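All you need for the working numbering is the position in the sequence shown, starting with 1, plus 3.
Note that CB positions come from ideal geometry on N, CA and C, so glycine has one too.
None of these values were measured; they are calculated from a predicted model.
Reading through the structure tokens given below for one structure.
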Amino acid sequence: MKHLLFFSSAFIAFLLIEGCASSKQFSAAEVEHSIITMNDWGGTPAVDSLARKHTITHITLHHQGEPFPKGKDPVQYLRNLQKWSRNEKKWIDIPYHYIIDLNGTIYEGRKIDYAGDTNTEYDPTGHALIEVVGNFEEVEPSQEQLDAVVRMMTYLSVKYSVPVDSIRAHKDYSSKTVCPGKNLYRYIENGYFKNHVQINIKPNL
Ligand SMILES: [Zn+2]
């Protein structure tokens with residue numbers, strides 16, 4: 004019994020230390036203020052009358068699916084993505100609501116009130132879509148990117164009352180894709196994102 008007590012208190016102490024070391028506490032409001040808005044990066048808003056309005060019930064992770072070399076300008080990438088989305092795909096805007104660059108900076112994409120778009124067979128209505136730049140079939144996400152995903156998921160979970168169990172990845176809804184790539188999907192699969200969001204939600208409630 005003594006041993007059991009020792010082990011369980013050691014385990015709890017470990018969890019506390021681990022929790023503090025790996026996640027700086029932040030508020031949902033701080034995350035919101037840190038987002039580079041579309042206006043800030045020089046994008047143009049979608050036409051409201053063409054948008055499908057929706058209520059957020061899920062948080063869904065994506066990757067770019069193409070290499071994003073160091074030194075590539077994320078703002079230029081966003082401008083090109085917006086142009087391509089409208090001109091080639093005939094979508095109202097960038098398909099994702101938030102985009103995370105190599106340094107973990109978060110940019111606003113499509114307005115969160117508008118349902119996203121996809122090249123695959125799932126219906127993204129109700130999903131808050133987060134895209135991380137890079138191809139995670141080939142490279143590992145940086146710690147800055149992982150931290151930014153946790154911050155963004157926490158913010159969305161708090162703001163829209165999305166249960167932690169509704170945090171998933173594109174490939175959980177579509178058999179036609181490996182998105183967000185095996186090296187990023189690992190953190191969905193092993194509970195890393197859910198656990199870190201859970202830890203960070205508490206001070207925000
Ligand atoms: Zn995807």
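| query | result |
| --- | --- |
| Coil, strand or helix - residue 135 by DSSP | strand |
| Classification of residue 24 by the beta-carbon crowding that lies within 10 angstroms, buried from 16 upward | Because the pLDDT of residue 24 is 40, which lies under 50, any placement of that residue in the model is unreliable, and the question is left without a value. |
| Cβ-heavy atom distance, residue 65 to ligand 1, below 7 Å | yes |
| Any non-hydrogen atom of ligand 1 within 7 Å of residue 128 CB | no |
| 8 Å CB neighbourhood of residue 82 in its chain, flanking five on each side removed | 44, 45, 46 |
| Same chain only: Cβ atoms within 6 Å of residue 102, ignoring 5 sequence neighbours per side | 110, 112, 134 |
| Three or more C-beta pairs below 8 Å linking the segment 57 to 73 and the segment 173 to 187 | yes |
| Extent of the continuous beta strand (DSSP E) to which residue 159 belongs | Looking at the DSSP string, residue 159 is not in any beta strand (DSSP E); the run it does join, the alpha helix (DSSP H), is 146 to 163. |
| Paired residues, beta bridge with residue 56 - DSSP | 117 |
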